[in-house]
Amino acid sequence: MAVIYRVNMSELSVRAEGPREGYRELGGRGLSSAIVAAEVPPGCHPLSAENKLVLAPGTLTGSGAPCAGRLSAGGKSPLTGTIKESNSGGTAAMALASLGIEAVVLEGKPRDNRLYRLIVNRDGVKIEPAETLGGLGNYETVGRQFEQFGERIACISIGPAGEMRAAAASIAVTDLEGRPTRHCGRGGLGAVMGSKGVKVIVVEPAGGERPKAADPAAFKAAVRNFAEALQKHPLTSQTLPTYGTNALANVINAAGAYPTRNFSQGQFEGTEAISGEHQHDVIAQRDGVIAHACHRGCTIRCSRIYVDEQGQYVTKGPEYETIWAHGADCGIDDLDAIAQMDRLDDDLGLDTIETGATIAVAMEAGVLRFGDVQGAIRLLEEVQKGTPLGRLVASGAAVLGKAYGVVRIPVVKGQSMPAYDPRAVQGIGVTYATSTMGADHTAGYAIAANVLGVGGRVDPLKPEGQVELSRNLQIATAAIDSAGLCLFVAFAVLDDPNALEALCDMFAALWGRPFTGDDLAALGKSVLACERRFNVAAGFTAAADRLPDFFTKEKLAPHNVTFTVPDEELDKVFDFVA
Amino acid sequence: MARIKLSLYASLRAAIGGKPSVELEIEPGQTIGDVLQRLGIPHNQARIVLVNSRHAALADPLQGGEQVAVFPAIGGG
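Below, the structure written as structure tokens:
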């Protein structure tokens with residue numbers, strides 16, 4: 056029996072409810088956004104008792120489908136003020152799904168400002184005081200849970216940044232080694248969890264039962280076909296396992312779209328030293344781990360384990376976006392230092408993209424110089440200490456930039472842009488500008504057709520075709536996020552009709568009814584429509600769907616281009632929303 | 349004869365001994381595909397081709413002085 060747990064942190068009570076009209080056949084982002092849109096007042100303060108934090112595995116999570124272990128976190132964002140969905144790999148989504156749990160919804164706010172721990176298992180959800188965990192980093196926090204509960208648990212936790220209710224705070228999810236390395240990073244949902252007084256959620260999956268597919272034999276066959284398609288595509292079977300997400304660094308740099316020194320240039324002279332190829336060689340030389348899965352059932356294995364020169368564990372990956380944010384965007388080409396900052400971010404519970412971008416804005420402001428590795432690390436230590444400067448860093452680029460009078464602040468709706476300059480990849484600029492999430496690459500990954508030649512080809516330097524490209528990708532992504540699938544399956548789905556067919560067949564067998572590509576698009580559109588309506592009700596107008604002014608005025612080398620997609624075109628992205 | 353700088357990435361680097369790039373002599377008018385063939389790189393492995401940071405095709409001719417970057421299937425993010 057599927058269940059949604061309502062955890063009321065005002066009353067310190069828990070209520071279990073069965074499938075509710077309006078939430079049926081929804082999971083992941085589809086469910087978290089539906090709950091937030093229906094139940095959270097759009098005008099509320101994100102850190103108030105009225106906001107909710109939804110944690111939901113996808114509809115395919117734990118079903119046997121490969122690469123379906125994403126955990127969706129949803130709420131109103133303290134960073135953007137919009138609806139927010141941020142999803143993560145790790146083991147928690149699988150653990151929740153195996154207990155038949157569709158979502159855990161944190162509601163209200165403790166009246167006593169105390170800190171709590173939730174224990175989720177087959178008997179339900181228990182709320183316990185956890186003040187001894189106050190101020191601890193994610194590593195120590197989850198380490199204590201594994202000591203107490205054994206190896207089979209999964210943890211969802213916040214670090215000091217979340218306790219501080221900082222707008223760049225993430226929610227950490229443990230990986231297969233029990234480390235807090237996977238994060239619902241974007242949009243400050245760690246601060247929402249902190250405002251609910253929840254430090255850690257321990258999930259004990261033992262003894263649970265997940266609802267079965269309506270047609271188990273057809274489901275198994277579709278799973279096999281989908282897995283085969285992932286095995287056939289060169290990206291999901293070769294490049295991602297071998298070189299990881301950071302295989303992108305060189306190609307984005309070569310295309311002149313690698314934001315360098317706070318988006319002032321499109322190519323970084325130190326790229327090779329922080330590239331996926333070099334990262335691969337360093338890890339292999341030091342006997343780290345290449346091709347590492349972040350959860351059971353991941354066949355792509357794009358993660359890796361980074362070790363120091365003595366072979367001691369430092370962190371996972373780090374991933375492409377992190378290496379860029381703490382690297383090229385700050386003028387830093389030292390991979391070991393970047394790995395150290397990734398570890399600090401994970402421990403503090405900070406979004407690596409927002410944090411790196413914020414440090415780059417601090418460099419622009421003259422707080423420290425570009426390329427200053429020790430200075431960048433010191434800024435993270437300021438966060439640890441909770442100093443005023445540290446709190447500015449943990450509040451994101453928009454806040455820090457404003458505090459220091461910076462003009463070039465690369466954010467949309469208050470959220471920092473990731474590792475692609477929208478002037479040299481105009482399609483991703485459309486996604487940054489219009490996404491319901493603020494600047495977010497995953498929301499509609501136009502890089503695929505603009506740069507990588509996946510899912511067609513659209514000239515990255517011209518405005519033509521970008522709106523349609525971004526719209527279609529945003530729709531497809533919303534559907535994939537609802538299934539709990541890793542977005543990287545999209546590389547195969549966009550390129551291979553067999554992969555798309557197998558994906559639809561999985562849904563058909565899961566629910567016991569026909570399901571086509573049109574149904575997938577309808578699902579994606581309905582998710583986006585509900586998010587978009589929330590944002591409109593929260594006060595966002597077309598004026599918020601724009602890139603910062605400097606992208607239309609400052610030319611970016613080497614192509615010497617500005618962002619040229621007209622405003623009236625941007626306003627057509629959501630023309631399917633009534 | 350003219351010279352180009354060819355940069356190869358990810359699995360393609362094996363064709364130039366693991367180095368990031370090489371300088372090559374070409375006949376003006378030779379295509380990128382011709383150059384890759386000379387290095388024993390199957391054309392179906394060259395998924396992304398950039399000449400002076402702009403997308404190009406294997407059939408495009410080279411004149412000399414270009415920076416050519418060739419990638420296999422790449423993704424991430």
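Those protein sequences? They're chains A and B, same order as listed.
If you're matching positions, the first sequence starts at 56 in the numbering used here and goes up one per residue.
If you're matching positions, the second sequence starts at 349 in the numbering used here and goes up one per residue.
Yeah, the Cβ is synthetic: ideal placement off N, Cα and C, and Gly gets one too.
request  = Compute the distance between the beta-carbons of A/THR229 and A/MET492, then report whether it is under 8 Å.
outcome  = No; because the gap between Cβ atoms is not below 8 Å, this pair is not in contact.
request  = Select from the segment 382 to 405 of chain B all residues with a C-beta closer than 7 Å to any C-beta belonging to chain A, and list them in chain order.
outcome  = ARG395, ILE396, LEU398, SER401
key: Cross-strand partners of A/ALA612 (DSSP beta bridge)   = Answer by DSSP bridge pairing: none, since A/ALA612 is not bridged.
inquiry  = Assuming B/PHE419 is part of the beta strand (DSSP E), what are its boundary residues?
reply    = Annotation: the continuous beta strand (DSSP E) that includes B/PHE419 extends over 415 to 419.
key: Beta-carbon separation (whole angstroms), A/THR294 vs B/PRO420, contact threshold 8 Å   = 6 Å
key: Neighbouring residues, chain B, relative to A/CYS357 (Cβ below 8 Å)   = By Cβ distance, chain B contributes GLY424.
key: A/LEU161, DSSP secondary structure in three states   = strand
Residue range of the unbroken beta strand (DSSP E) whose run includes B/TYR357 = Looking at the DSSP string, B/TYR357 is not in any beta strand (DSSP E), and its letter there is neither H nor E.
task = Evaluate A/GLY366 with the Cβ neighbour count: other Cβ atoms within 10 Å of its Cβ, from every protein chain shown; 16 or more gives buried, anything less gives exposed.
result = exposed
For A/GLY451, the nearest candidate out of A/ALA597, A/LEU434, A/THR413 (CA to CA) = A/THR413
message = I need the straight-line Cα distance from A/ALA312 to A/VAL616, nearest angstrom please.
response = 11 Å
task = Please confirm if B/ALA350 has its CB atom under 8 Å from at least one CB of chain A.
result = Not one beta carbon of chain A lies nearer than 8 Å to the beta carbon of B/ALA350.
request  = Taking C-beta pairs closer than 7 Å, name the residues in chain B that A/GLY508 reaches, listed in chain order.
outcome  = ARG395, ILE396
query = Closer than 8 Å, CB to CB, is A/ILE11 near chain B or not?
reply = Because chain A in this structure spans residues 56 to 633, residue 11 of chain A falls outside the shown range and cannot be described.
inquiry  = Going by DSSP, what residue range makes up the alpha helix (DSSP H) through B/ILE374?
reply    = Here B/ILE374 belongs to no alpha helix (DSSP H); instead the beta strand (DSSP E) covers 369 to 374.
Residue from A/GLU332, A/GLY130, A/ALA120 with nearest C-alpha to A/ILE677 = Residue 677 of chain A cannot be examined here, being either before or after the span of chain A that is shown, 56 to 633.
key: Closer than 7 Å at the beta carbon, the chain B residues around A/THR294   = Against chain B, the beta carbon of A/THR294 has neighbours under 7 Å at ALA358, PRO420, ALA421, ILE422, GLY423, listed in chain order.
query = Under the criterion of a Cβ to heavy atom distance below 7 Å, does A/LEU423 qualify as lining the ligand HEM?
reply = With respect to the ligand HEM, the structure shown offers nothing to examine, as it has no ligands at all.
ask   = Would DSSP call A/LYS580 helix, strand or coil?
value = helix
Whether A/ARG237 touches A/CYS357 by CB criterion (8 Å) = no
ask   = In terms of residue numbering, what span does the beta strand (DSSP E) encompassing A/LEU81 cover?
value = Counting along the chain, A/LEU81 falls outside any beta strand (DSSP E), and DSSP gives it neither H nor E.
key: In chain order, each beta strand (DSSP E) run of at least 3 residues that lies wholly inside the segment 478 to 510 of chain A   = Counting only runs of 3 or more, we get nothing.
ask   = Rounded C-beta distance between A/PHE486 and A/ALA498? I'm assuming under 8 Å.
value = It should be pointed out that residue 486 of chain A corresponds to Thr in this sequence rather than to Phe. At roughly 5 Å, the Cβ-Cβ gap stays under 8 Å, so A/THR486 and A/ALA498 are in contact.
query = Can you list, in chain order, the residues of its chain whose CB lies under 7 Å from that of A/SER88, leaving out five sequence neighbours each side?
reply = Cβ-Cβ distances below 7 Å link A/SER88 to GLY129, ILE138, GLU140, VAL582, CYS585, GLU586 in the same chain, with the five nearest sequence neighbours on each side left out; the list follows chain order.
message = Checking the sheet assignment: what are the DSSP bridge partners for A/TYR171?
response = In the DSSP output, where bridge partners are listed per residue, A/TYR171 has A/PRO184, A/VAL253.
query = Can you find a C-beta in chain B that's less than 8 Å from the C-beta of A/HIS100?
reply = no
query = When you compare each of A/ARG351, A/ARG220, A/ILE360 to A/ASP342 by their alpha carbons, which one comes out closest?
reply = Cα-wise, what sits closest to A/ASP342 is A/ILE360.
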